[in-house]
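Count along the sequence shown from 1, add 1030, and you get the number used in the working numbering.
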Amino acid sequence: MRRWREVAPGVRRLPLRALDVVNVYLLGDVLVDAGGRTAANMLLRALAAPGVRPPVAHAVTHAHFDHQGASHAVCEQLGIPLWCGAGDREALETGDLARVLPRPHSWTARLERWLAGPAHPVSRVLREGDELAAGFTVLETPGHTPGSIAFWRAADRVLVLGDLAMSRHPLTLRRGLREPIGMGTLDRAANRAALRRLAALEPAIVCFGHGAPLLDPARFQAFVDALNLRRA
(Lines of atoms letter the chains of each structure in order from A and count residues from 1; the text may use other names and numbers.)
(Lines give C-alpha, C1' and ligand atoms only; values in the text may rest on other atoms or scores of the structure.)
Protein backbone atom coordinates (compact mmCIF):
# COMPACT_ATOMS: atom_id res chain seq x y z
CA MET A 1 0.00 0.00 0.00
CA ARG A 2 1.27 3.47 -0.85
CA ARG A 3 2.02 5.60 2.18
CA TRP A 4 1.46 9.22 3.07
CA ARG A 5 4.56 11.39 3.25
CA GLU A 6 4.73 14.45 5.49
CA VAL A 7 5.60 17.59 3.51
CA ALA A 8 5.13 20.10 6.35
CA PRO A 9 3.20 20.17 9.63
CA GLY A 10 -0.40 19.26 8.85
CA VAL A 11 0.43 18.55 5.17
CA ARG A 12 0.65 15.01 3.83
CA ARG A 13 1.22 13.84 0.27
CA LEU A 14 0.22 10.50 -1.24
CA PRO A 15 1.82 9.53 -4.59
CA LEU A 16 -0.84 7.46 -6.34
CA ARG A 17 1.59 6.35 -9.04
CA ALA A 18 5.30 5.62 -9.13
CA LEU A 19 7.74 8.48 -9.67
CA ASP A 20 5.31 10.94 -8.04
CA VAL A 21 3.42 11.13 -11.33
CA VAL A 22 0.06 11.78 -9.63
CA ASN A 23 -0.28 13.21 -6.12
CA VAL A 24 -3.09 13.85 -3.69
CA TYR A 25 -2.77 15.77 -0.44
CA LEU A 26 -4.23 15.96 3.03
CA LEU A 27 -4.30 19.49 4.39
CA GLY A 28 -5.30 18.79 7.96
CA ASP A 29 -8.64 17.03 7.53
CA VAL A 30 -9.33 18.12 3.93
CA LEU A 31 -8.43 15.81 1.06
CA VAL A 32 -7.12 17.72 -1.96
CA ASP A 33 -7.62 15.97 -5.32
CA ALA A 34 -8.33 12.29 -5.82
CA GLY A 35 -6.37 10.99 -8.80
CA GLY A 36 -7.95 8.97 -11.61
CA ARG A 37 -11.01 6.79 -11.17
CA THR A 38 -8.95 3.58 -10.99
CA ALA A 39 -7.19 4.99 -7.91
CA ALA A 40 -10.35 4.97 -5.78
CA ASN A 41 -9.70 1.75 -3.85
CA MET A 42 -6.04 2.57 -3.28
CA LEU A 43 -6.91 6.04 -2.02
CA LEU A 44 -9.64 4.76 0.28
CA ARG A 45 -7.28 2.22 1.79
CA ALA A 46 -4.66 4.90 2.36
CA LEU A 47 -7.22 7.14 4.03
CA ALA A 48 -8.19 4.29 6.36
CA ALA A 49 -4.60 3.55 7.38
CA PRO A 50 -3.65 3.84 11.07
CA GLY A 51 -2.60 7.33 12.09
CA VAL A 52 -4.39 9.03 9.20
CA ARG A 53 -6.95 11.62 10.20
CA PRO A 54 -10.18 10.92 8.30
CA PRO A 55 -11.05 13.79 5.96
CA VAL A 56 -14.19 15.81 6.60
CA ALA A 57 -14.24 17.32 3.09
CA HIS A 58 -12.74 16.84 -0.36
CA ALA A 59 -11.49 19.77 -2.45
CA VAL A 60 -10.53 19.53 -6.13
CA THR A 61 -7.94 21.95 -7.52
CA HIS A 62 -9.42 21.64 -11.01
CA ALA A 63 -11.78 19.51 -13.08
CA HIS A 64 -9.50 17.13 -14.98
CA PHE A 65 -9.86 13.35 -14.89
CA ASP A 66 -6.58 12.71 -13.06
CA HIS A 67 -7.70 14.94 -10.18
CA GLN A 68 -11.46 14.24 -10.17
CA GLY A 69 -11.60 10.59 -11.22
CA ALA A 70 -12.02 9.06 -7.76
CA SER A 71 -13.85 12.02 -6.21
CA HIS A 72 -17.34 10.52 -6.43
CA ALA A 73 -16.25 7.21 -4.91
CA VAL A 74 -14.39 8.90 -2.05
CA CYS A 75 -17.22 11.32 -1.25
CA GLU A 76 -19.82 8.54 -1.38
CA GLN A 77 -17.83 6.05 0.65
CA LEU A 78 -16.77 8.53 3.34
CA GLY A 79 -19.91 10.67 3.30
CA ILE A 80 -17.97 13.90 2.82
CA PRO A 81 -18.78 16.99 0.71
CA LEU A 82 -17.09 17.99 -2.53
CA TRP A 83 -15.65 21.50 -2.89
CA CYS A 84 -14.18 23.27 -5.94
CA GLY A 85 -13.63 26.61 -7.65
CA ALA A 86 -16.63 28.35 -9.19
CA GLY A 87 -15.54 27.97 -12.81
CA ASP A 88 -15.27 24.18 -12.59
CA ARG A 89 -18.48 23.46 -10.71
CA GLU A 90 -20.60 22.66 -13.76
CA ALA A 91 -18.00 20.28 -15.17
CA LEU A 92 -17.82 18.34 -11.90
CA GLU A 93 -21.58 18.21 -11.43
CA THR A 94 -22.29 17.04 -14.98
CA GLY A 95 -19.23 14.83 -15.38
CA ASP A 96 -18.50 16.52 -18.72
CA LEU A 97 -14.95 17.61 -18.03
CA ALA A 98 -14.34 18.50 -21.67
CA ARG A 99 -16.21 21.76 -21.14
CA VAL A 100 -13.15 23.20 -19.33
CA LEU A 101 -10.76 22.33 -22.19
CA PRO A 102 -9.68 24.82 -24.88
CA ARG A 103 -11.12 22.63 -27.66
CA PRO A 104 -14.17 20.79 -26.29
CA HIS A 105 -14.77 18.89 -29.55
CA SER A 106 -11.21 17.60 -30.05
CA TRP A 107 -9.87 14.08 -29.59
CA THR A 108 -8.41 15.29 -26.27
CA ALA A 109 -11.92 16.20 -25.15
CA ARG A 110 -13.23 12.78 -26.16
CA LEU A 111 -10.44 11.15 -24.14
CA GLU A 112 -11.21 13.38 -21.15
CA ARG A 113 -14.87 12.36 -21.28
CA TRP A 114 -13.92 8.68 -21.46
CA LEU A 115 -11.49 8.85 -18.53
CA ALA A 116 -13.57 11.13 -16.30
CA GLY A 117 -14.97 9.88 -13.04
CA PRO A 118 -18.71 10.03 -12.29
CA ALA A 119 -20.42 13.35 -11.76
CA HIS A 120 -20.93 14.47 -8.17
CA PRO A 121 -22.78 17.42 -6.61
CA VAL A 122 -20.61 20.27 -5.33
CA SER A 123 -21.52 21.28 -1.78
CA ARG A 124 -19.35 24.39 -1.60
CA VAL A 125 -17.77 26.73 -4.10
CA LEU A 126 -14.40 27.92 -2.82
CA ARG A 127 -13.66 31.62 -3.22
CA GLU A 128 -10.58 33.81 -2.84
CA GLY A 129 -9.61 34.11 0.82
CA ASP A 130 -11.78 31.25 2.09
CA GLU A 131 -10.16 29.49 5.03
CA LEU A 132 -9.37 25.81 4.77
CA ALA A 133 -7.96 23.37 7.29
CA ALA A 134 -4.43 23.53 8.74
CA GLY A 135 -4.15 27.30 8.25
CA PHE A 136 -4.55 27.31 4.46
CA THR A 137 -6.49 29.87 2.46
CA VAL A 138 -7.92 29.62 -1.04
CA LEU A 139 -6.41 31.47 -4.00
CA GLU A 140 -8.44 31.70 -7.20
CA THR A 141 -5.99 30.98 -10.04
CA PRO A 142 -7.91 30.50 -13.31
CA GLY A 143 -6.01 29.64 -16.43
CA HIS A 144 -5.40 25.91 -16.55
CA THR A 145 -9.16 25.58 -16.14
CA PRO A 146 -11.76 28.31 -15.47
CA GLY A 147 -12.02 27.32 -11.82
CA SER A 148 -8.45 26.34 -10.95
CA ILE A 149 -7.64 27.06 -7.32
CA ALA A 150 -4.53 26.86 -5.15
CA PHE A 151 -4.04 26.64 -1.40
CA TRP A 152 -1.62 28.89 0.48
CA ARG A 153 -0.38 28.92 4.08
CA ALA A 154 1.40 32.18 4.80
CA ALA A 155 2.73 31.08 8.21
CA ASP A 156 5.38 28.81 6.66
CA ARG A 157 4.84 29.68 2.97
CA VAL A 158 3.53 26.31 1.81
CA LEU A 159 1.75 26.33 -1.56
CA VAL A 160 -0.38 23.59 -3.12
CA LEU A 161 -1.06 24.63 -6.73
CA GLY A 162 -2.60 21.69 -8.57
CA ASP A 163 -1.51 21.77 -12.23
CA LEU A 164 -0.59 25.43 -12.65
CA ALA A 165 2.93 24.01 -12.95
CA MET A 166 4.45 20.56 -12.55
CA SER A 167 7.79 19.09 -11.59
CA ARG A 168 7.37 15.86 -13.60
CA HIS A 169 5.65 15.50 -16.94
CA PRO A 170 2.80 12.96 -16.48
CA LEU A 171 3.21 11.55 -20.00
CA THR A 172 6.94 11.61 -20.73
CA LEU A 173 7.86 11.20 -17.03
CA ARG A 174 10.66 13.73 -17.43
CA ARG A 175 11.59 15.66 -14.30
CA GLY A 176 11.87 19.44 -14.24
CA LEU A 177 9.66 22.46 -13.74
CA ARG A 178 7.30 23.05 -16.62
CA GLU A 179 3.97 24.55 -17.54
CA PRO A 180 0.89 22.34 -17.73
CA ILE A 181 0.19 20.43 -20.92
CA GLY A 182 -1.03 22.86 -23.57
CA MET A 183 -3.90 20.76 -24.91
CA GLY A 184 -5.39 20.67 -21.41
CA THR A 185 -4.89 24.34 -20.55
CA LEU A 186 -7.76 26.69 -21.31
CA ASP A 187 -5.80 29.97 -21.20
CA ARG A 188 -2.00 29.79 -21.13
CA ALA A 189 -1.58 33.56 -20.64
CA ALA A 190 -3.90 33.52 -17.62
CA ASN A 191 -2.09 30.49 -16.24
CA ARG A 192 1.22 32.34 -16.48
CA ALA A 193 -0.32 35.37 -14.77
CA ALA A 194 -1.43 33.09 -11.94
CA LEU A 195 2.09 31.68 -11.66
CA ARG A 196 3.57 35.18 -11.46
CA ARG A 197 1.17 35.97 -8.66
CA LEU A 198 2.14 32.82 -6.78
CA ALA A 199 5.87 33.38 -7.27
CA ALA A 200 5.50 36.84 -5.73
CA LEU A 201 4.46 35.09 -2.50
CA GLU A 202 7.93 33.52 -2.37
CA PRO A 203 6.72 30.04 -1.41
CA ALA A 204 9.19 27.95 0.60
CA ILE A 205 7.53 24.67 -0.44
CA VAL A 206 5.62 24.19 -3.68
CA CYS A 207 3.42 21.09 -3.95
CA PHE A 208 2.38 19.90 -7.41
CA GLY A 209 -0.26 17.55 -8.74
CA HIS A 210 2.49 15.93 -10.81
CA GLY A 211 5.99 15.55 -9.44
CA ALA A 212 7.77 15.88 -6.12
CA PRO A 213 7.50 19.07 -4.03
CA LEU A 214 10.01 21.84 -4.64
CA LEU A 215 11.90 23.26 -1.65
CA ASP A 216 13.79 25.97 -3.54
CA PRO A 217 12.06 29.39 -3.72
CA ALA A 218 14.74 30.84 -5.98
CA ARG A 219 14.33 28.05 -8.51
CA PHE A 220 10.57 28.52 -8.64
CA GLN A 221 11.00 32.26 -9.13
CA ALA A 222 13.54 31.72 -11.89
CA PHE A 223 11.18 29.31 -13.65
CA VAL A 224 8.34 31.82 -13.55
CA ASP A 225 10.59 34.69 -14.65
CA ALA A 226 11.65 32.66 -17.68
CA LEU A 227 8.01 32.27 -18.74
CA ASN A 228 7.92 35.99 -19.49
CA LEU A 229 10.44 35.41 -22.29
CA ARG A 230 8.32 32.80 -24.04
CA ARG A 231 5.37 33.21 -26.34
CA ALA A 232 1.99 32.33 -24.82
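We treat Cβ as the ideally placed atom computed from N, Cα and C, and that holds for glycine. As the structure is a computational prediction, the values presented were derived from the model and not from experiment.
Can you tell me where the alpha helix (DSSP H) with residue i in it begins and where it stops?
i, result
"N1221", "R1218 to A1229"
"R1154", "R1154 -> not in any alpha helix (DSSP H); beta strand (DSSP E) instead, spanning R1154 to L1156."
"S1101", "S1101 to L1108"
"V1054", "Taken as a continuous stretch (DSSP letters only), V1054 belongs to no alpha helix (DSSP H), being part of the beta strand (DSSP E) at N1053 to L1057."
"M1072", "A1070 to L1077"
"R1119", "R1119 to T1124"
"H1097", "F1095 to Q1098"
Out of the options, point me to the one whose CA is closest to residue i's CA.
i, options, result
"G1066", "H1092, A1078 and V1082", "H1092"
"G1147", "W1137, Y1055 and G1099", "G1099"
"G1192", "G1081, S1136 and P1243", "P1243"
"V1130", "R1140, S1136, W1137 and D1118", "D1118"
"F1166", "G1177, A1149, W1144 and L1189", "L1189"
"R1198", "R1035, N1053 and V1037", "N1053"
"A1230", "A1220, G1241, A1248 and D1217", "A1248"
"H1150", "A1256, R1227 and E1123", "E1123"
"D1186", "M1213, W1034, L1245 and A1079", "L1245"
"V1037", "A1048, L1046, L1056 and V1051", "L1056"
"A1048", "D1217, M1213, L1156 and P1200", "P1200"
"M1196", "E1209, T1202, P1084 and R1204", "E1209"
"G1241", "L1228, L1156 and G1206", "G1206"
"D1059", "V1152, L1074, V1082 and G1214", "V1082"
Verify the CB distance criterion: does residue i have a CB-CB separation below 8 angstroms to chain B?
i, result
"F1095", "Absence of chain B from the displayed structure is noted, only one protein chain being present."
Assign residue i to buried or exposed, taking buried as 16 or more other Cβ atoms, counted over all protein chains shown, within 10 Å of its Cβ.
i, result
"T1068", "exposed"
"W1182", "buried"
"T1175", "buried"
"H1094", "buried"
"N1221", "buried"
"E1142", "buried"
"W1144", "exposed"
"H1135", "exposed"
"R1042", "buried"
"P1233", "buried"
"G1212", "exposed"
"T1202", "exposed"
"A1184", "exposed"
"A1343", "Outside the modelled stretch of the chain, which goes from 1031 to 1262, sits residue 1343, for which no answer is possible."
"D1063", "buried"
Could you spell out the range, first to last residue, of the beta strand (DSSP E) harbouring residue i?
i, result
"V1190", "V1188 to V1190"
"F1181", "I1179 to R1183"
"T1167", "T1167 to E1170"
"W1113", "L1112 to G1115"
"L1087", "First, the residue type needs correcting, since residue 1087 is Ala and not Leu in the sequence shown. That run of the beta strand (DSSP E) goes A1087 to A1089."
"V1060", "V1060 to V1062"
"R1083", "That residue, R1083, is in no beta strand (DSSP E); it is neither H nor E in DSSP."
"R1067", "Run containing R1067: none; DSSP gives neither H nor E here."
Quick one: what's residue i bridged to in DSSP?
i, result
"L1244", "V1236"
"R1204", "Partner(s): none; R1204 has no beta bridge."
"L1147", "For the sequence presented, residue 1147 should be read as Gly rather than Leu. In DSSP, G1147 forms no bridge with anything."
"A1038", "V1041"
"M1213", "Its beta-bridge partners do not exist; DSSP assigns none."
Just to check my reading of the structure: residue i and residue j have Cβ atoms closer than 8 angstroms, yes? What is that Cβ distance to the nearest angstrom?
i, j, result
"G1115", "E1170", "6 angstroms"
"L1112", "H1097", "Between H1097 and L1112 the Cβ distance is about 12 angstroms, and since that is not below 8 angstroms, they are no contact."
"A1103", "G1173", "Contact flag wrong, Cβ pair sits at about 28 angstroms."
"L1061", "P1045", "Not a contact, Cβ separation roughly 15 angstroms."
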